[in-house]
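These notes are about the structure you will find just below.
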Amino acid sequence: MAEGFITEAAMAILTTVLSRTAEEVKLPWSFKNDQKELEKKLKRIHMLLCGSAGIRFNNPLVDDWLSKVKNVAYEADDFIDEVAYEALKQKLKFRNQSQFKKKLQFFFTVGSNPIVFSFQMGHRVRKLMGSIEDVFKDAQVLGIKPVDIAAGSSRSVPVLEDVQLQVQRELVASRGLIGRDQDEANIIKLLCHPGNSDRDLSVVGIVGMAGLGKTALSKRVCERNEVTKHFEKRIWVCVSHDFEVKGILEKMVELVDEQSCNRSSYQATITELQKNLRGKRYLLVLDDVWDTISSVWESFCSILQDIGGSKGTMVLATSRSSQVLATMEIHNEIQTLTTWHGPHIHQLKGLTYTDSWSLFQRRVHRIIDVTRAERMVTKCGGVPLAINVLGDLLRHRCSEEWKQIEESELWKLEDKNGILPSLRLSFNYLPSAAVKSCFAYCAVFPEDAVIRRENLIQLWMAHGFLQPYDKMERIGNEYFNVLLNNSFFQDMEFDKHGGVDRCKMHDVVRSLAKVVSRQEFLTVSENVNMTKISSDVRHLSLLTEKGLTQKLKKKVRTVLSESLHIGNPNTLLMHAKCLRVLSLVNAGLFVLPDSIGSLKHLRYLDISENDIMKLPSAIGELYNLQTLKHLCFRIPYFSTFPTLPKELRKLVNLRYICTNKYSCMGFSLCIQLERINQYRKWGGRISDISLLNNIRGSLAIRYLEHISSKEEARRASLKTKPNIHHLDLTWSYNATTSLSNSEEVLEELLPHKDLKILNIWYYNGKVLPSWLMMMRPSRVSQLCNLVEMKFYYCRNLKQLPDSFVFPLLKVLVVWGCDNLTSFPDLGTMNSLETLQIGRCPNLEDLPNLEPLTNLRKLEIHNCARKLCLIGWSKLGNLPTQVEQFTQLQTLGIGHFDTLKVLPSWLGSLTCLEIVDLQHMESLTCLPPRNDMLRATRFLGFRITPFQCPKLSISVDIFDVLLTKG
């Protein structure tokens with residue numbers, strides 16, 4: 001079985017390299033022939049892997065051969081990447097020069113001379129080809145023959161559930177655990193028994209094999225009313241392999257204090273816990289405890305007693321080992337608990353067959369073959385995780401695939417890593433080597449880590465798992481959903497749109513990822529013997545930097561580190577030349593060394609939570625960089641914006657840039673423009689983003705008054721950036737630029753047609769640009785994909801477009817437009833859900849609301865002295881927001897066909913003089929005279945004959961009644 005996993009891993013890497021040679025990389029100069037020859041040889045290796053996939057081996061020589069294949073694939077990837085890097089470097093370096101000068105300088109520059117460069121790379125090509133020939137020879141000795149698999153024969157991507165159905169299924173699964181009611185009752189009884197109240201500290205344990213649902217059960221126990229009422233605080237800590245006291249205490253502080261723990265000593269941590277827990281009865285859950293040492297457990301118990309929780313404080317521990325929990329029992333003197341209602345260690349068993357079948361039905365929905373399904377459910381042994389995975393695997397498959405899955409030999413194999421057969425099958429049936437490679441990479445995350453969907457996709461992108469290049473995000477989301485639909489992720493958290501934003505990975509699933517990756521992932525801790533680690537390690541998670549050898553650094557492609565102060569990273573950067581991913585979060589850095597520019601392959605860089613206020617100009621040499629994160633939550637709100645070098649404009653492959661949270665207000669990229677005579681840092685002029693056509697997400701451009709001409713604004717080339725979905729264009733609040741300048745600048749800032757959100761702040765022009773104003777129903781809008789549009793404090797703006805033609809627009813906000821007098825026709829905007837209008841004192845009417853059948857939210861604030869309300873035909877009430885218009889003088893009301901009685905609050909509009917009523921088919925009654933007397937300026941109602949047919953008018957109701965004849 002191990003060889004099968006290794007084959008899959010090698011296949012995934014090789015497939016990635018082949019996709020790059022075929023689609024992404026165009027090699028220059030004399031390497032065209034080498035590219036063709038390399039691609040030909042790699043395809044032959046791929047055929048050999050296909051030939052080996054169906055052969056059962058128990059031979060270490062095969063294992064070695066597969067490792068060689070992976071190494072060759074990595075070498076080929078590095079070679080292709082480096083040559084492509086040099087080609088891009090020269091293209092950017094000489095892009096503005098004449099052809100003659102370009103060729104002359106190109107030839108005499110040592111780093112770019114084609115002859116010099118070919119000589120430098122020639123040795124690597126020959127070495128790589130030699131390694132490939134060795135792979136061919138070894139395959140021949142081992143009897144591995146190439147098999148040509150026809151294009152398109154790879155397993156198709158299974159049908160994915162609609163996102164909302166998927167979310168609904170997971171929510172149902174999380175709310176109701178099948179077959180665990182009695183287990184839950186027993187544990188609650190142990191935790192809340194009155195006999196605990198005379199003890200300072202007691203322990204209850206849940207023990208059971210992996211996948212039985214110990215964590216899910218303990219979480220549900222903690223949410224029950226009996227438990228929430230009994231304990232003042234509930235604290236959840238995932239322990240995993242190392243029972244490290246300081247780490248557990250720090251996690252406790254973060255949970256009770258709801259902030260990161262930055263305390264440097266035991267005593268500071270304990271003091272913080274004493275402040276929050278002293279005298280309180282709390283429940284501490286230690287989830288997934290693997291091992292405890294008597295002395296360590298005694299020390300931990302002593303610290304808990306020093307913290308000073310009240311009597312009845314409990315520890316609920318979950319573990320796979322009863323011996324671990326027994327060790328915890330010895331030091332707590334809770335044996336007397338056995339005299340009331342059973343043992344204090346609760347043994348969690350597998351589900352009954354009936355409960356297993358119910359769980360399976362919940363996951364599958366439609367059972368094709370009941371008899372076959374019953375046999376497979378029985379093979380799951382009552383383990384909920386195994387049943388869930390099996391159900392997800394079978395959900396959208398045909399009867400023939402059900403038969404193949406049931407008859408698979410994987411059901412019969414024993415696995416020393418505790419990996420469930422249904423989990424192995426689910427991995428085998430993933431649709432492609434690329435998806436399997438993405439799954440294997442998840443081994444880089446520590447146990448119980450929260451995995452952010454967007455971040456995971458960015459990491460996959462950095463390693464080239466997502467092809468083709470121009471569709472990486474879409475492919476990444478598809479792959480994430482495939483893994484989600486196969487139960488490889490759990491504990492989902494959802495964004496405001498109902499999509500999965502964060503998740504976790506079960507430790508058994510993570511074990512599978514580690515087996516698949518075959519010693520490529522390593523967590524470097526104090527307990528790791530660095531002299532015995534595999535030479536195949538490519539991805540590192542650092543808990544310590546001690547023992548990192550130069551040989552290890554040379555091959556490594558990922559370095560992830562968080563809250564590890566590494567001092568000077570120069571040594572790492574100088575040797576780790578193959579890095580694709582570098583994350584040094586909260587590493588105590590004040591400066592990023594210039595050696596960062598030597599990482600030619602780097603695609604993902606995260607230096608968040610460091611005090612780096614200026615990035616080196618060498619970062620402009622990272623031409624392959626796709627993601628740059630430089631977030632620091634410690635920087636005060638009004639602090640200086642971190643300086644980015646002007647060389648950043650050369651990063652033409654940059655797709656995501658996240659800088660200081662407070663300066664960018666959550667934007668992916670924030671450009672703060674400067675005056676022409678100030679020091680030019682990156683962001684100082686709008687042309688800095690002209691070449692960054694791959695950036696995506698949200699873009700904010702501020703201080704637009706510093707753009708001196710329309711020609712300068714045009715250099716932003718916003719319309720060439722199709723992946724910007726949110727655009728904020730902002731002038732300063734008190735900007736003094738001329739109206740004509742503002743209008744010319746905005747005219748040239750036409751965004752790409754795929755823009756989703758447009759916000760315009762403090763624009764002081766009188767008219768909007770032609771790309772917003774020239775919208776007619778007969779003409780396709782240039783921004784036809786907009787879903788949100790907001791205008792804030794555009795004080796000189798006199799009119800909006802006569803007719804909005806934005807068929808997908810859901811949110812429209814017009815706020816603080818002092819000179820706006822009329823509102824456009826919204827008749828074509830059937831998708832509009834939110835309409836907000838505020839602080840527009842000269843606005844004389846509101847749009848006809850009747851066509852807006854999807855409107856869910858209407859807000860109108862402090863708008864006018866004269867206002868006309870044209871309502872829905874089925875609306876039975878006036879908008880209550882009008883009650884706040886205390887300066888309103890004239891109010892027109894029309895087409896509220898089901899409105900029978902005008903509200904009495906009209907009398908609270910103290911400045912109201914006239915109410916004009918038109919086409920009020922159902923109106924039968926005006927407000928009582930006494931209510932209207934409060935409006936001291938009120939003259940009366942103006943009514944058009946025959947337009948209010950049911951209204952009974954009495955002349956003595958009001959002193960003045962105006963009727964139009």
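Per full-length UniProt numbering, the very first residue in the sequence shown carries number 1; after that it's consecutive.
Think of the CB as a built atom: it goes at the ideal place given N, C-alpha and C, for glycine as much as any other residue.
Note that this is a predicted model, so its numbers are computed, not measured.
In the three-state reduction of the DSSP assignment, D470 falls in the helix class. Distance from the CA atom of F590 to the CA atom of I686, rounded to whole angstroms, is 28 Å. The beta carbon of L592 sits closer than 7 Å to the beta carbons of I607, I612, L615, P616 from its chain, once the five residues preceding and following it are set aside; these are given in chain order. Secondary structure remark: continuous beta strand (DSSP E) runs of at least 3 residues inside the segment 822-895, in chain order: 834-838, 857-861, 866-870, 890-894. Between the alpha carbons of H725 and S52 lies a distance of about 46 Å. Here the alpha carbon of D242 sits roughly 35 Å from the alpha carbon of S595. The UniProt domain "R13L1/DRL21-like LRR repeat region" (686-815) contains, as complete beta strand (DSSP E) runs of 3+ residues, the segments 697-702, 724-730, 757-761, 788-792, 811-815 (chain order). In the structure shown, A935 adopts coil according to DSSP, grouped into three states. Pairing T318 with K214 gives a Cβ-Cβ distance under 8 Å. Rounded to the nearest angstrom, the Cβ distance from V435 to Y469 is 18 Å, too far for a contact under 8 Å. It is roughly 27 Å from the alpha-carbon of L625 to the alpha-carbon of V482. In this model, P824 and L852 are separated by some 13 Å (Cα to Cα).
Note on geometry: alpha-carbon atoms of N196 and G308 lie some 16 Å from one another. For A317, the secondary structure class from DSSP, reduced to helix, strand or coil, is strand.
P60 counts as exposed, since fewer than 16 other beta carbons sit within 10 angstroms of its beta carbon. Around W411, the same chain offers K379, P421 as residues with beta carbons nearer than 7 Å, after the five sequence neighbours per side are excluded.
The secondary-structure analysis by DSSP pairs S561 across a beta bridge with L542, L584. In this structure, L348 lies near I206, with their beta-carbon atoms less than 8 Å apart. The beta carbon of P751 sits closer than 8 Å to the beta carbons of L718, K719, K721, I724, L727, L758, L783 from its chain, once the five residues preceding and following it are set aside; these are given in chain order. For E493, the enclosing beta strand (DSSP E) has its first and last residue at 490-494. When DSSP states are grouped into helix, strand and coil, L201 belongs to the strand group.
Judged by DSSP secondary structure, T523 falls outside any alpha helix (DSSP H) and instead within the beta strand (DSSP E) spanning 521-524. With 16 or more other Cβ atoms from the protein chains shown falling within 10 Å of its own Cβ, H895 counts as buried. About 5 Å separates the Cβ atoms of D754 and N785, confirming a contact at the 8 Å cut-off. By the 16-neighbour rule on beta-carbons within 10 angstroms, N225 is exposed. Judged by DSSP in its simplified three-state form, T627 adopts strand.
DSSP places H575 within a helical segment (H, G or I) once states are collapsed to three.
A residue is called buried when at least 16 other Cβ atoms come within 10 angstroms of its Cβ; L933 does not meet this threshold and is exposed. Scanning K577, A576, S541, H630 for the CA closest to the CA of L564 turns up S541. Residues of the same chain with a CB within less than 7 Å of the CB of I619, apart from the 5 flanking positions on each side, are I596, G597, P645, E647, L648 in chain order. If you draw a straight line from the Cα of V72 to the Cα of V296, it comes to about 46 Å.
Around the beta carbon of Q267, fewer than 16 other beta carbons lie within 10 angstroms, which makes this residue exposed. For G765, the number of other beta carbons within 10 angstroms of its own is at least 16, and it is reported as buried. Using a Cβ distance threshold of 8 Å, P927 and L899 do not count as a contacting pair. Between V315 and L425, the CB-CB gap reaches or exceeds 8 Å. Restricting attention to L628, D688, V652, the CA atom closest to the CA of T659 is found in L628.
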